[in-house]
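Undergrad: Going by our numbering, 53 is the number at position 10 of the sequence shown; the sequence numbering is gapless.
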Amino acid sequence: MKCDVYKAGTKLLNTFYVQAEVEIRRKKEFYHYIKVMMLQKFSFERFLKALEEGKILVDFDARTGHNHGTKFRMRQDYLPMLYEKVTVIF
């Protein structure tokens, strides 16, 4: 599991988090962007704290025939709490 957490820290080191409302008209999707945040400096300590608080769940996805490995799941709105610096763009 330590390797999986390390991977999360390297893949999510810096990222943008975009919230949008989706409307489907005539079989086409239209997006209304509500909020954009720049998330910087993924924090392993904050990840552990969120894990301890039950905000991150561990999912062991080992099926018969193919092991999909360990997954971490969390509500999308908790993502900014894992970063040291959060900048609201709009």
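All residues carry an ideal CB built from backbone N, CA and C; glycine is no exception. Since the structure is predicted, the reported quantities are computational estimates derived from the model, not experimental observations.
What is the DSSP secondary structure of Glu-20, counted as helix, strand or coil?
TA: Nothing in the structure corresponds to residue 20, since the chain is present only between 44 and 133.
Undergrad: Beta carbon of Phe-103, beta carbon of Leu-125: below 8 angstroms?
TA: As a first step, residue 103 is located in the sequence shown; it is residue number 60 there, counting from the start. As a first step, residue 125 is located in the sequence shown; it is residue number 82 there, counting from the start. No, these two residues do not count as a Cβ contact at 8 angstroms.
Undergrad: My output table needs one value for Glu-96: the three-state DSSP class, helix, strand or coil.
TA: Here residue 96 is taken as the residue at index 53 of the sequence shown, counted from 1. Residue state, collapsed to three classes: coil.
Undergrad: For Ala-93 and Ile-99, I'd like the C-alpha separation in whole angstroms.
TA: Here residue 93 refers to the residue found at position 50 when the sequence shown is read from its first residue. Here residue 99 refers to the residue found at position 56 when the sequence shown is read from its first residue. Their Cα atoms are separated by approximately 6 angstroms.
Undergrad: Taking the beta strand (DSSP E) that Ile-67 falls in, what are its first and last residues?
TA: The residue you call residue 67 lines up with position 24 of the sequence shown. Segment 58-68, the beta strand (DSSP E) holding Ile-67.
Undergrad: Between the alpha carbons of Ser-86 and Glu-96, how many angstroms are there, rounded?
TA: Translated into positions along the sequence shown, residue 86 becomes position 43. Translated into positions along the sequence shown, residue 96 becomes position 53. Cα-Cα distance, rounded: 15 angstroms.
Undergrad: For Leu-55, name the three-state secondary structure that DSSP assigns.
TA: The residue labelled residue 55 in the question sits at position 12 within the sequence shown. Here Leu-55 sits in coil by DSSP.
Undergrad: What are the start and end residues of the beta strand (DSSP E) that includes Tyr-126?
TA: Taking the sequence shown and counting its residues from 1, one reaches residue 126 at position 83. Note, Tyr-126: beta strand (DSSP E), 126-131.
Undergrad: Verify whether the separation of the beta carbon atoms of Leu-122 and Tyr-60 is less than 8 angstroms.
TA: Here residue 122 is taken as the residue at index 79 of the sequence shown, counted from 1. Here residue 60 is taken as the residue at index 17 of the sequence shown, counted from 1. Going by C-beta atoms, Leu-122 is nearer than 8 angstroms to Tyr-60.
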